């Protein structure tokens, strides 16, 4: 029995020793590295610049009154569509007391002069019929009466303008009626009935009654970095992505690049504008935040390979082309290539590579 256990333990030690030696021998052998094999693909590649900004109407105007007073009525609400000439609001005139008193006094004087001229004209008319007054003197009397009558009308109109803001002669041109100057949609009405408003003049910008914009013509307005401004020019195609409208891209064209920079958060930026083409079926609100992708360079249907496959030696670029297998080892051959545009992932192959070639890629895990 003791002899059996002795043989068992000796055999076990021999097996452990042999197993260890085999394990160490296998670990010492170099592993065969395999590589991904990539074929050139025909695709379109492009380079672009991303600009952040907003979508705003190309024509947005603030409607201001031509006379000071108090808002008597507002005829529309924000979001309503209006046309040129539509009355947005009515203003009630608050006359200035000194001007009112002066106009009333002028009217009274004009009426007194008219009464006097009328009495004199009637006397002169009787004398003219009797042949006592000459033709010339009678015509002078008629002229004096007509002038007095015209002065009464003018004084009455002046008083009506001060009290009502419009004369009877030009009622259709009333300054108390605030009209839209463009066709579009009302974006905002910052006043309410009863608010006092000031007319636009040399010293005052005036009170805004309403903001009207044509939402059919929209612009993307944003900024690009000074390092990118040299890569863009007007007429370039732009893709506009609106944050509030997921999955919808709008075609646009770059129409303006600011000639002067401005600092935004201590970064030199240039303002740009792009005219956005918006279908009638989609409603875009003014002020939506958006991103614009400006395509600076593009290649359609060109042979490309992953940029990671291309290696460089001085001024020469090359790839390693698969030539076959040596047992389990992959064999590669260097092949010089001429490359073109790169989008950061794929690079254009101009010469030196065939579509059937397989190129050494990244190592397989």
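In the numbering used here, the protein residues as written are -17 to 347.
Here a beta-carbon is modelled for each residue, glycine too, at the ideal position from N, C-alpha and C.
A quick note: this is a predicted structure, and the numbers were derived from the prediction, not measured.
Compare the Cα-Cα distances from residue 163 to each of 305, 106 and 45 and report the closest residue.
-> Comparing Cα positions, the closest option is 45.
Length-filtered (4 minimum) alpha helix (DSSP H) runs lying within the region 156 to 218 = The region 156 to 218 contains these whole alpha helix (DSSP H) runs: 208 to 211.
Assign residue 155 to buried or exposed, taking buried as 16 or more other Cβ atoms, counted over all protein chains shown, within 10 Å of its Cβ.
-> Model confidence at residue 155 stands at a pLDDT of 49, short of 50, so the residue's coordinates are unreliable; what they give is reported in the following sentence. Exposed, because fewer than 16 other Cβ atoms sit within 10 Å of the Cβ of residue 155.
Sequence-distant residues of the same chain with beta carbon closer than 8 angstroms to residue 106, five excluded per side = The residues 115, 119, 120 and 123, in chain order, have a CB closer than 8 angstroms to that of residue 106 in the same chain once the five nearest residues on each side in sequence are set aside.
Count the other C-beta atoms from every protein chain shown that fall within 10 angstroms of the C-beta of residue 307, then say buried if there are 16 or more, exposed otherwise.
-> Classification for residue 307: exposed.
Helix, strand or coil at residue 99 [DSSP, three-state] | DSSP places residue 99 in helix when its eight states are reduced to three.
State yes or no: is the C-beta of residue 330 within less than 7 angstroms of the C-beta of residue 316?
-> With contacts defined by Cβ atoms closer than 7 angstroms, residue 330 and residue 316 do not form a contacting pair.
Out of curiosity, what's the CA-to-CA distance linking residue 192 and residue 129?
-> Counting only the Cα atoms, residue 129 lies some 44 angstroms from residue 192.
Per DSSP, residue 251 is paired with what?
-> When DSSP reads this structure, residue 251 sits in a beta bridge with 207 and 244.
In this structure, what does DSSP give as the bridge partners for residue 301?
-> Looking at the DSSP assignment, residue 301 forms a beta bridge with 317.
In whole angstroms, what is the alpha-carbon distance linking residue 204 and residue 178?
-> Between residue 204 and residue 178, the C-alpha separation is close to 36 angstroms.
Would you decide whether residue 258 is buried or exposed? Buried here means 16 or more other CB atoms lie within 10 Å of its CB.
-> Classification of residue 258: buried, given that the 10 Å Cβ count is 16 or more.
Which same chain residues, not among the five before or five after residue 23, have their C-beta less than 7 angstroms away from its C-beta?
-> Contacts found: 286.
Can you say whether residue 91 is buried or exposed, counting buried as having 16 or more other CB atoms within 10 angstroms of its CB?
-> Counting the other CB atoms within 10 Å of its CB gives residue 91 a total below 16, which places it among the exposed residues.
Given 8 angstroms as the limit, is there contact between the region 221 to 232 and the region 271 to 280, that is, 3 or more CB pairs closer than that?
-> With contact defined as three or more Cβ pairs closer than 8 angstroms, the region 221 to 232 and the region 271 to 280 are in contact.
Which residue comes first and which comes last in the beta strand (DSSP E) that contains residue 43?
-> Looking at the DSSP string, the run of the beta strand (DSSP E) that includes residue 43 is 42 to 45.
Measure the C-alpha to C-alpha separation of residue 50 and residue 174 and round it to an integer number of angstroms.
-> If you take the alpha carbons of residue 50 and residue 174, they lie about 15 angstroms apart.
8 angstroms contact criterion, which residue 196 and residue 41 should meet: CB distance rounded = At roughly 5 angstroms, the Cβ-Cβ gap stays under 8 angstroms, so residue 196 and residue 41 are in contact.
Report the residue from 208, 104, 272 and 47 whose alpha carbon sits nearest the alpha carbon of residue 239.
-> Closest by alpha carbon: 208.
DSSP beta-bridge partners of residue 63 = In DSSP, residue 63 forms a bridge with 167.
Does DSSP classify residue 228 as helix, strand or coil?
-> Three-state result, residue 228: coil.
By how many angstroms is the C-alpha of residue 228 removed from the C-alpha of residue 270?
-> Residue 270 and residue 228 have their C-alpha atoms roughly 12 angstroms apart.
Give the range of the beta strand (DSSP E) segment to which residue 294 is assigned.
-> Looking at the DSSP string, the run of the beta strand (DSSP E) that includes residue 294 is 293 to 295.
Report buried or exposed for residue 103, applying the criterion of at least 16 other Cβ atoms within 10 angstroms of its Cβ.
-> Around the Cβ of residue 103, a 10 Å sphere holds 16 or more other Cβ atoms; the residue is buried.
Can you give the Cα-Cα distance for residue 346 and residue 17, rounded to whole angstroms?
-> Going by the C-alpha atoms only, they are around 5 angstroms apart.
Residues bridged to residue 235 by DSSP?
-> Residue pairing by DSSP puts residue 235 in a beta bridge opposite 219 and 257.
CA nearest to the CA of residue 327, picked from 0, 26 and -6 | For residue 327, the nearest C-alpha among the options comes from 26.
For residue 344 versus residue 32, is the C-beta distance shorter than 7 angstroms?
-> Residue 344 is not a Cβ neighbour of residue 32, given a cutoff of 7 angstroms.
Taking the beta strand (DSSP E) that residue 279 falls in, what are its first and last residues?
-> Element bounds for residue 279: 270 to 288.
Sequence-distant residues of its chain with Cβ nearer than 8 angstroms to residue 133 (five each side left out) | Beyond the five residues adjoining it in sequence on each side, residue 133 comes within less than 8 angstroms, by CB distance, of 92, 95 and 96 in the same chain, given in chain order.
In the structure shown, what three-state DSSP assignment does residue 124 receive?
-> DSSP places residue 124 in helix when its eight states are reduced to three.
DSSP state of residue 74 mapped onto helix, strand, coil = Three-state result, residue 74: strand.
Can you grab the Cα-Cα spacing for the pair residue 206 / residue 225, in whole Å?
-> Their backbone Cα atoms lie some 18 angstroms apart in a straight line.
Taking just the CA atoms, how far does residue 198 sit from residue 246?
-> Approximately 30 angstroms between the Cα atoms of the pair.
When DSSP labels each residue in this structure, what does residue 105 get in the three-state scheme?
-> It is helical.
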